[in-house]
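Counting from 1, one number per residue, gives the positions in the sequence shown under my numbering. Notes follow once the structure below has been shown.
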Amino acid sequence: MKVSFQNLKSQIKTGLFEAEDVFESLAIPLMKLVGLKTEEMVDEGRSSTILMDPTKDQVLKLRVPARDKHQLLRLESEDESYNYRATKACKELIEKQHLQLQQLVYLLRKIEANKAIFFLTSVHQKSQTEETAHIVTLKLFRTTFEHVGSALCSVEGGVEDLMHELAENMCPPMVEYVNGLKTKLAAGTMIRLTSAVEKMERVVKNSRLELEEARKKVRMEEKRKSEALIKLKEVEEKGKAMKDFVGHL
């Protein structure tokens, strides 16, 4: 975008320089023509200001001698030559001016076209950038959802393994403990029996608390999973709506 702006700026500057050259070149031929005419008239001893009266000119032609008539005809032919050259130079100057004005109009139109192209390119690049950002966001949400799902599955599997491991590890010690308790009960140690029962209750209570905590974690992870799924659906719907909107544009 910055490069396009610099190119447009340089083209505008070049067009202004060319326009300045056009207007400067219009004055140079006229100055040369006036200077040439003035020098020729001064060399011939004539004034630079010429006033002519056709009726008086005809009377002078009748009164002057033949030699003067010849010189007068030569001067008139030179005047006609000067007039022809001046007219031709003016026509060439007008044609050159017309051509230069056409070139100036072409340059201005080219600059306006470049401005329009630059504007359309900027809008197109901006829309493409926004669409790319939405696509990247959707992919990011989808990847996050997949990772969260795999993490939840691993947590569920870990909780089930923990429960099975607790059951397997607690059964043999409990059986052994009960057998020992029977032996001690037969020996008549009532106090130890009571303390053992209390320990069992604490162990069972702690196991229940751990199991309840694990269930809470599972429920929380399921809730997060459902929320992430809802957000993903919302983002997909927004992305689809944005894509349809861009397609209509």
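Don't be surprised by glycine CBs; every beta carbon is placed ideally from N, CA and C.
For the pair of segments examined, the stretch 230-246 was found to touch the stretch 136-144: the number of CB pairs separated by less than 8 Å reaches three.
Distance from the CA of R208 to the CA of E198, rounded to the nearest whole angstrom, comes to 15 Å. Excluding residues up to 5 positions away in sequence, H134, I135, T137 and L138 lie with their Cβ nearer than 8 Å to the Cβ of G239 in the same chain. Here the C-alpha atom of L107 lies approximately 14 Å from the C-alpha atom of H98. Taking T144 as reference, the option from A228, M242 and F245 with the minimal CA-CA separation is A228. No Cβ-Cβ contact shorter than 9 Å links F141 with K205. In this structure, the CA atom of R224 is about 13 Å from the CA atom of E146. Counting the other Cβ atoms within 10 Å of the Cβ of E201 gives fewer than 16, which makes it exposed.
With fewer than 16 neighbouring CB atoms inside 10 Å of its own CB, E112 falls in the exposed class. Going by C-alpha positions, R109 is about 20 Å away from S122. Per the coordinates, the alpha-carbon of V218 lies some 10 Å from the alpha-carbon of E212. When only Cα atoms are considered, N179 and E210 end up about 27 Å apart. Just measuring C-alpha positions, the residue of T132, E176, A196 and L93 sitting nearest V246 is T132.
Per the coordinates, the alpha-carbon of E222 lies some 51 Å from the alpha-carbon of F118.
Take the alpha-carbon of A196 and the one of E176: they are about 13 Å apart.
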